[in-house]
Amino acid sequence: MIHITTSGESHGRAMLATITGIPSGLEIDLDFINHELKLRQSGFGRGGRMKIETDTADILTGVINGKTTGSPITIAVWNKDWDNWKDKKTEPILTPRPGHADLIGMYKYGHLDDARKVLERASARETAARVAAGALVKLFLRAFKIDMFSHIVNWGGITPSRQTENLTEIREISQNSPFRWLGTPSDDETLTKLIEQAMREGFTLGGIIETIIYPIPPMLGSYQTAEQKLDAQIAASVLSIQAIKGIEFGLGFAYANRPGKDAMDAIYYGERGYYRQTNYAGGIEGGMTNGNPVVFRSVMKPIPTQMSPLETVHVQTKEKALSVKERSDVTAVFAASIVIESAVAPVIANALMERYGSDHMERILEAFSRDPSLQELGYLLPTHRH
Ligand SMILES: Cc1cc2nc3c(=O)[nH]c(=O)nc-3n(C[C@H](O)[C@H](O)[C@H](O)COP(=O)(O)O)c2cc1C
Ligand SMILES: C=C(O[C@@H]1CC(C(=O)O)=C[C@@H](OP(=O)(O)O)[C@H]1O)C(=O)O
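Heads up: the sequence shown is residues 0 to 385, going by numbering that gives the first Met the number 0.
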């Protein structure tokens, strides 16, 4: 079972990820991992820090001659900003930011002298390590032709005016659109103006990201126990990301507006096995993938640090105060879309290994290619898929 632990402080030496449970024999494509790290730094609206860092993965353990050995893997993403911070005398932060971990973190860990000790770890800089690890797990998924891509369906309240059900098009915009959305040039301009206004006036923006996992084999996850339910596991991984506040699968909250007859995916059988004509369920029924694309949407709240500060309290004097102004992103919805994929990748990989084994790539691939139910359930085996 893959397990990822990250460590590191935002302005410390490095963000680290330790990954256990990756099978042996997985070929490491470092360019792919570094490309994912670059994407995580992208998107209009990021703050000054992104101009300092050029995140790359330094794989310290667990990989020999470009392949995993089955041993724990450690990846370091070195913080360039460390050079600027290591001898820096910083002012203590005593006016906690609403929406960040500052206030409760100060009390919980006894850091009433300075919220900096809280924010150093609460910071979403942590997601650099998570994305490095998640990209490595995506390489595992790629060996089974499982693909994952995201696009933004609401950014700061603006929804792109184009719509499509075409997965090839969505996959393509997720790779090439500078806003990772289906927006027209006019939508791009409206959003650019909004983000520029936010930068000028000191407010921040959130958004909604739709993630699609397809192709994905059926029968991943289980209805047997709460822990095995795949939708629950995906939700937990997504909600563990800084500033992500909600997730919905398939029709999601729109289920409430429909009678059951218009909310289930009727079952058919044809030459290629079972199939559906709709995907209201978002590809998961009874905690298991049903072979349809897994589709879920995650909402990101606006970034809590505001350049037009919010009302707060000075923790020592208990006087009214304004929240601290820290260098910060104005919006990071694009970056969050990459983080979401990284957080979910291990969930899918673990469900796959639960069914097909977990020690060695060749054996897992062999067990996978011999699974007779896959075809009957309408899933095309990787060699026949194109
Ligand atoms: C990619 C990414 C970048 C973020 N950048 C910032 C930032 O620059 N400033 C900030 O205050 N919060 C930022 N956040 C959000 C905070 O880290 C988060 O709101 C905070 O840790 C409190 O956690 P919560 O919102 O999950 O309750 C970012 C989140 C993500 C996913
Ligand atoms: C450093 C990253 O994000 C950071 C997330 C973050 C926060 O509070 O979450 C605060 C900012 O940190 P800094 O004070 O160094 O500018 C962001 O830049 C990153 O994504 O790599």
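We put the beta carbon where it would ideally sit given N, CA and C, even for glycine. Being a predicted model, the structure only gives us computed values, none of them experimental.
Terminal residues of the alpha helix (DSSP H) in which residue i lies
i: Thr224; result: No alpha helix (DSSP H) holds Thr224; DSSP gives it neither H nor E.
i: Leu364; result: 360–368
i: Lys85; result: Here Lys85 belongs to no alpha helix (DSSP H), and DSSP marks it neither H nor E.
i: Ile103; result: 101–107
i: Ile218; result: Before going further, note that residue 218 is Met rather than Ile in the sequence given. Neither: Met218 is in no alpha helix (DSSP H) and is coded neither H nor E.
Local Cβ density within 10 Å of residue i, reported as buried at 16 or more and exposed below that
i: Gln305; result: buried
i: Ser297; result: buried
i: Leu238; result: exposed
i: Asn78; result: buried
i: Thr382; result: For Thr382, the predicted model reports a pLDDT of 37, less than 50, meaning its position is unreliable; a value from the coordinates is still stated below. Result: exposed.
i: Thr67; result: buried
i: Thr210; result: buried
Between the CA atoms of residue j and residue i - distance to the nearest angstrom
i: Asp86; j: Val338; result: 31 angstroms
i: Ala366; j: Thr126; result: 33 angstroms
i: Lys317; j: Ser336; result: 38 angstroms
i: Lys244; j: Tyr268; result: 38 angstroms
i: Leu93; j: Trp84; result: 19 angstroms
i: Thr5; j: Ser70; result: 17 angstroms
i: Asn289; j: Tyr273; result: 10 angstroms
i: Asp358; j: Arg271; result: 31 angstroms
i: Ala350; j: Leu140; result: 11 angstroms
i: Ile233; j: Ile347; result: 8 angstroms
Identified DSSP bridge partners for residue i
i: Glu35; result: DSSP, once it has assigned bridges, lists no residue as partnering Glu35.
i: Tyr267; result: Tyr274
i: Met147; result: Ile212
i: Ser23; result: His359
i: Val76; result: Met14
i: Glu284; result: Met287
i: Ile3; result: Ile18
i: Leu321; result: Glu310
i: Ile63; result: Lys66
i: Ile51; result: According to DSSP, Ile51 bridges with nothing at all.
i: Ile58; result: Ile74
Range covered by the beta strand (DSSP E) that runs through residue i
i: Thr19; result: 13–19
i: Gly245; result: 243–248
i: Val293; result: 293–299
Any non-hydrogen atom of ligand 4 closer than 6 angstroms to residue i Cβ
i: Ala127; result: Of the ligands one can find in the structure shown, namely ligand 1 and ligand 2, none is ligand 4.
Whole-Å CB distance - residue i paired with residue j, under 8 angstroms assumed
i: Gly161; j: Leu193; result: According to the sequence as given, residue 161 is Arg; it is not Gly. The Cβ separation is near 18 angstroms, so there is no contact.
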